[in-house]
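If you're matching positions, the sequence shown starts at 23 in the numbering used here and goes up one per residue.
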Amino acid sequence: MKLPDELKNVNNLAYITRRKLANENGEQMGAVVMWRKKGEEEFNYLLQCPHCGVEQQSHVFFKKRPYRLKCNNCEKSILIEKLAAK
Ligand SMILES: [Zn+2]
């Protein structure tokens, strides 16, 4: 997983987290990096889906818990635990 250039300047970031993600069998097959820039409400994320392995980058606005991402390849829902959205 190659991180985008905008993550090199952490002074622009309000929040960043990196987690490993497990599939239904509990195997850690994926990962996600999520970051929010100062002054923005949306999260950007770089996801390697734990179910299908496809990497993707997008952004999301979380409205309410539990926070979930949806893989744009296999369309499975991925739970993001313990995220501080604000
Ligand atoms: Zn997937």
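Here a beta-carbon is modelled for each residue, glycine too, at the ideal position from N, C-alpha and C.
This structure is a prediction, so every number in the text was calculated from the model and none was measured.
- Query: Is any heavy atom in ligand 1 found nearer than 7 Å to the beta carbon of Val76?
  - Reply: Under cutoff, so the answer is yes.
- Sorted by chain position, which residues of the same chain lie with C-beta nearer than 6 Å to Lys42's C-beta, five sequence neighbours on each side aside? Gln50 and Ala53
- Query: Grouping DSSP H, G and I as helix and E and B as strand, with all else coil, what is Asn34?
  - Reply: helix
- Same chain, Cβ closer than 6 Å to Ser99, neighbours up to 5 away in sequence not counted: Around Ser99: Arg90 and Lys92.
- Could you check what DSSP says for Glu46 in three-state terms: helix, strand or coil? coil
- For Arg40, count neighbouring C-beta atoms within 10 Å of its own C-beta (all shown protein chains included) and say buried if the count is 16 or more, exposed if not. Arg40 should be labelled exposed.
- Spatial neighbours of His81 within its chain, please: CB distance less than 8 Å, with the 5 preceding and 5 following residues excluded, ordered by chain position. Glu64, Phe65, Asn66 and Tyr67
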